[in-house]
Amino acid sequence: MARMHNSTKGKSGSTRPNIDSLPEWAERDEDEIEELIVKLAKQGYTSSEIGVELRDQYGIPDVQLATGKSITDIMEDKDLGPDIPEGLMALLEKAVNLNKHLNRNPKDISNKRGLQLVESKIRRLVKYYKKEGKLPEDWKYSIDKAEMLTQ
């Protein structure tokens, strides 16, 4: 399949191997994993940072195989989930950084186009999250709002 904002085709870097069950060496039980997730979420980690921490520091290769739920689902069950989904927040930060760059360098046309592409991704993602109920229906994107949210 072709890329959305590029005329080339391609694949992402790597794929995970298909496994049906946890390896024998992963000896943590569900309750212990959920406690670790809650502890890390209270320290301010995002769900992707929690996944990396659990993999690298605690030897848990896949939370979903171990618990039957994703890290985000566990965080939402414990009322620790973020107000704005993590993917949208990353795009908002990118838009804010591009906007700051364009304010300093107004003739940078290629980054102006990059900002337009990021903003279109944000609008599509906001539309999806509104449909899924993860964002309120009256939520609207603006660069000023993005700057406030990312501080």
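The opening residue of the sequence shown carries number -9 in our numbering; numbering runs sequentially from there.
By construction, the Cβ of each residue, glycine as well, lies at the ideal position given by its N, Cα and C atoms.
Note that the coordinates shown come from a computational prediction; the quantities given were computed from them, not determined experimentally.
Buried or exposed: which applies to G49, given that a residue is buried once 16 or more other Cβ atoms fall within 10 Å of its Cβ?
-> exposed
Could you give the distance in angstroms between the alpha-carbon of G77 and the alpha-carbon of E14?
-> 32 Å
Inter-stretch contact at 8 Å, needing at least 3 Cβ pairs: the segment 42 to 57 / the segment 99 to 107 | no
Can you list the alpha helix (DSSP H) stretches of 4 or more residues lying completely in the segment 40 to 98, in chain order?
-> 53 to 57, 61 to 67, 76 to 94
If we ignore side chains and look at the alpha-carbon of each, how far apart do I27 and P96 end up?
-> 43 Å
Do you know offhand how far E161's Cα is from G58's?
-> Nothing can be reported for residue 161: it is not among the residues displayed for the chain, which extend from -9 to 141.
Tell me which same chain residues have a C-beta within less than 6 Å of the C-beta of L125, skipping the five on either side of it?
-> Y119
Report yes if the CB atom of L178 is closer than 8 Å to the CB atom of A136, and no otherwise.
-> An answer regarding residue 178 cannot be provided, because it is not within the stretch -9 to 141 covered by the chain.
Return the chain-ordered list of same chain residues with a C-beta closer than 6 Å to the C-beta of S(-3), the five sequence neighbours on each side being excluded.
-> none
How would you write the range of the alpha helix (DSSP H) that T140 sits in, first residue to last?
-> 133 to 140
Per-residue DSSP class, three states only, for K(-1) | strand
Supposed close pair T140, V53 - CB separation, criterion 8 Å | No, T140 and V53 are not in contact; Cβ-Cβ is about 27 Å, not under 8 Å.
Cβ atoms of I40 and I61: under 8 Å apart, would you say?
-> yes
Any idea what DSSP makes of A16, helix, strand or coil?
-> coil
Which of helix, strand or coil DSSP assigns to D106 | For the record, residue 106 in the displayed sequence is Gln; it is not Asp. Note: Q106 maps to helix in three-state DSSP.
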